[in-house]
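Input: a single structure, listed below in structure tokens.
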Amino acid sequence: AQRVTQPEKLLSVFKGAPVELKCNYSYSGSPELFWYVQYSRQRLQLLLRHISRESIKGFTADLNKGETSFHLKKPFAQEEDSAMYYCALNSNTGNQFYFGTGTSLTVIP
Amino acid sequence: DVKVTQSSRYLVKRTGEKVFLECVQDMDHENMFWYRQDPGLGLRLIYFSYDVKMKEKGDIPEGYSVSREKKERFSLILESASTNQTSMYLCASSLKGYGYTFGSGTRLTVV
Numbered sequence: 008a009q010r011v012t013q014p015e016k017l018l019s020v021f022k023g024a025p026v027e028l029k030c031n032y033s034y035s036g037s038p039e040l041f042w043y044v045q046y047s048r049q050r051l052q053l054l055l056r057h058i059s060r061e062s063i064k065g066f067t068a069d070l071n072k073g074e075t076s077f078h079l080k081k082p083f084a085q086e087e088d089s090a091m092y093y094c095a096l097n098s099n100t101g102n103q104f105y106f107g108t109g110t111s112l113t114v115i116p
Numbered sequence: 006d007v008k009v010t011q012s013s014r015y016l017v018k019r020t021g022e023k024v025f026l027e028c029v030q031d032m033d034h035e036n037m038f039w040y041r042q043d044p045g046l047g048l049r050l051i052y053f054s055y056d057v058k059m060k061e062k063g064d065i066p067e068g069y070s071v072s073r074e075k076k077e078r079f080s081l082i083l084e085s086a087s088t089n090q091t092s093m094y095l096c097a098s099s100l101k102g103y104g105y106t107f108g109s110g111t112r113l114t115v116v
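Heads up: the sequence lines are chains A and B, in that order. Here the first sequence is numbered in the working numbering, starting from 8 and rising by one per residue. Here the second sequence is numbered in the working numbering, starting from 6 and rising by one per residue.
Right under this line is the structure:
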């Protein structure tokens, strides 16, 4: 069965400090992993997907199949990064996503 | 840009009422989904649909039903609303293999 785990419900860092939001998954195939973000009073939106290997808003995430992880990282946190972050896994069929429980990130000025 | 529109931003309904939540997408996506979002529980899938008139149960379908008569519209129905269905409801659509596009959400309060 597919499962996505985000161990931290709340995470606070100071502005300018590095931030890492953890995501681990269990999956019996080749996973496709995503990070979604929801800023205050805005809709949930795609932040990045692992197959793109891109950096969005300074965030990167590397798929580590050995550790079954897809941690989201940013070297220098900004106040505008404060949001709820969800890790998600795409199913075998490519139609359905499985979401973690989310991590609420607060960047302290 | 794909747009997913949920008809109501806020709804207040009484216990026992039948409630309809509407979702429309404008990019011809095959897949549509209904989630509820609760603090500490994340997003939980209620129902999804891969095609018109097709529906599949998600993880928490009890107390809900759905309707997809047209490709662009996916309705969530609470047959008899209860207080434990107070939540934020999110609709999403996607093409197979691509990320979701979410609506703004409907915050439903059942009193």
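Just so it is clear, CB atoms sit at the ideal spot from N, CA and C, and this is done for glycine as well.
Open item on the list: Does the beta-carbon of A:Y32, which I'm using as the reference point, lie nearer than 7 Å to any heavy atom of the ligand COA?
Closed with: Within the structure as shown, the ligand COA is missing, as the structure has no ligands at all.
Task: Interface partners of B:S109 on chain A, CB under 7 Å - done: R50
Open item on the list: Taking its Cβ as the centre, do 16 or more other Cβ atoms sit within 10 Å of A:P14, making it buried, or is it exposed?
Closed with: exposed
- [ ] Report yes if the C-beta distance between A:F106 and B:G47 is below 8 Å; otherwise report no.
- [x] yes
- [ ] Over the uninterrupted beta strand (DSSP E) stretch that includes B:A97, give me the two end residues.
- [x] S92 to S99
Task: Whether A:V11 touches A:A95 by CB criterion (8 Å) - done: yes
- [ ] Would you verify that the beta carbon of B:Y69 is, or is not, closer than 8 Å to some beta carbon of chain A?
- [x] no
Task: Sequence-distant residues of its chain with Cβ nearer than 7 Å to A:L70 (five each side left out) - done: L40, H57 and F77
Task: For A:Q45 and A:S98, the rounded distance between their alpha carbons - done: 22 Å
TODO: List the residues that DSSP assigns as beta-bridge partners of A:R10.
DONE: A:S33
Task: DSSP three-state assignment for B:I65, whether helix, strand or coil - done: coil
Open item on the list: Short of 7 Å Cβ to Cβ, which residues in the stretch 83-96 of chain A face chain B?
Closed with: Y93
Task: chain B contact residues for A:K16, given Cβ-Cβ distances below 8 Å - done: G45
Open item on the list: If you measure between the beta carbons of B:G68 and B:Y52, is that distance less than 8 Å?
Closed with: no
Task: CB contact flag (A:Y92, A:L17, <8 Å) - done: no
Open item on the list: Based on DSSP bridge pairs, tell me the residues matched to B:N36.
Closed with: B:S99
- [ ] Please classify B:G108: is it buried, with 16 or more other beta-carbons within 10 angstroms of its beta-carbon, or exposed?
- [x] buried
TODO: Can you have a look at B:K8 and say buried or exposed, based on whether 16 or more other CB atoms are within 10 angstroms of its CB?
DONE: exposed
Task: N-terminal and C-terminal residue of the beta strand (DSSP E) that B:R19 is part of - done: Careful: B:R19 lies outside any beta strand (DSSP E) and carries neither H nor E.
- [ ] Measure the beta-carbon distance from B:S85 to B:Q42 and round it to whole angstroms, keeping in mind my assumption that it falls under 8 Å.
- [x] Not confirmed; about 22 Å, so no contact.
Task: Closer than 9 Å at the beta carbon, the chain B residues around A:T108 - done: G45, L46, G47 and L48
Open item on the list: Using DSSP's beta-bridge definition, name the partner residues of A:M91.
Closed with: A:Q45 and A:S111
TODO: Check whether the Cβ atoms of B:K23 and B:I82 sit closer than 8 Å, and answer yes or no.
DONE: yes
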